[in-house]
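Here the structure is laid out as structure tokens; the discussion comes afterwards.
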Amino acid sequence: MPDLIIKDSQLSVEEVIEKLKEAVPNNKFGILHSYDIKQTLAGKGQELTEECHVFEICNPVVAKNILEKDMDLASVLPCRISVYTKDGVTKVGMASPTKHIAQLTTKDMSLIVDPVEQALIKIIDQSIA
1 MPDLIIKDSQ
11 LSVEEVIEKL
21 KEAVPNNKFG
31 ILHSYDIKQT
41 LAGKGQELTE
51 ECHVFEICNP
61 VVAKNILEKD
71 MDLASVLPCR
81 ISVYTKDGVT
91 KVGMASPTKH
101 IAQLTTKDMS
111 LIVDPVEQAL
121 IKIIDQSIA
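Under my numbering, think of the first position of the sequence shown as 1, with each following residue one higher.
What follows is the structure, given as structure tokens:
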């Protein structure tokens, strides 16, 4: 599995975001914060032609379990899912938690992180259809 998991959608960015907002709590996660990167950059005088939204999501039980095993992993929490356009195509993506965390710790986190990755892929799949 690649380090980035990116899927295309036939839906608009707005439609995907609405579905994402439903899928996240339905899969026992919460949205902590969202960023409209295009809008943020525009406010700084930088024009981005494509849409780009980033959602920070978290399952508090999982986050606690990860931090209790390796507090250094606080640097990669919470998980992020991006909704953006590339060449006019709506895309939803994330960095693979299993790959990312495996590169950052010597501790075996697979029992915690593998189910997280599967849940995030499910959230993405529910958002793009």
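The beta carbon of each residue, even a glycine, is placed where N, CA and C say it ideally should be.
For this session: Grab the span of the alpha helix (DSSP H) containing Gly43 for me, first residue to last.
Result: Start and end: 37-43.
Problem set entry | First and last residue of the uninterrupted alpha helix (DSSP H) at Ser110 | 110-128
Exercise. How big is the Cα-Cα spacing for Thr106 and Lys69?
Worked result: The C-alpha of Lys69 is placed about 11 angstroms away from the C-alpha of Thr106.
For this session: Within 10 angstroms of the Cβ of Met71, are there 16 or more other Cβ atoms? Answer buried if so, exposed if not.
Result: exposed
Exercise. Under the rule that 16 or more other beta-carbon atoms within 10 Å means buried, what is Glu117, buried or exposed?
Worked result: buried
For this session: Report the option in Lys44, Gln46, Arg80, Pro60 whose CA atom is closest to the CA atom of Leu20.
Result: Arg80
Exercise. By a C-beta neighbour count over all protein chains shown, 10 Å radius and 16 as the cutoff for buried, is Ile66 buried or exposed?
Worked result: Burial call: buried.
For this session: Pull up the distance between the alpha-carbon of Ser9 and that of Val92, whole angstroms please.
Result: 8 angstroms
Exercise. Is His53 near Ile17, with beta carbons less than 8 angstroms apart?
Worked result: yes
Problem set entry | Straight-line gap, Leu111 to Lys44 (C-alpha atoms, nearest Å) | 42 angstroms
Problem set entry | Rounded separation between Glu14 and Val113 - CA only | 29 angstroms
For this session: Would you mind sorting Ser75 into buried or exposed? The rule is 16 or more other CB atoms within 10 Å of its CB.
Result: Taking a 10 Å sphere around the C-beta of Ser75, we find fewer than 16 other C-beta atoms and assign the residue as exposed.
Problem set entry | DSSP three-state assignment for Asp3, whether helix, strand or coil | If DSSP states are grouped into helix, strand and coil, Asp3 belongs with coil.
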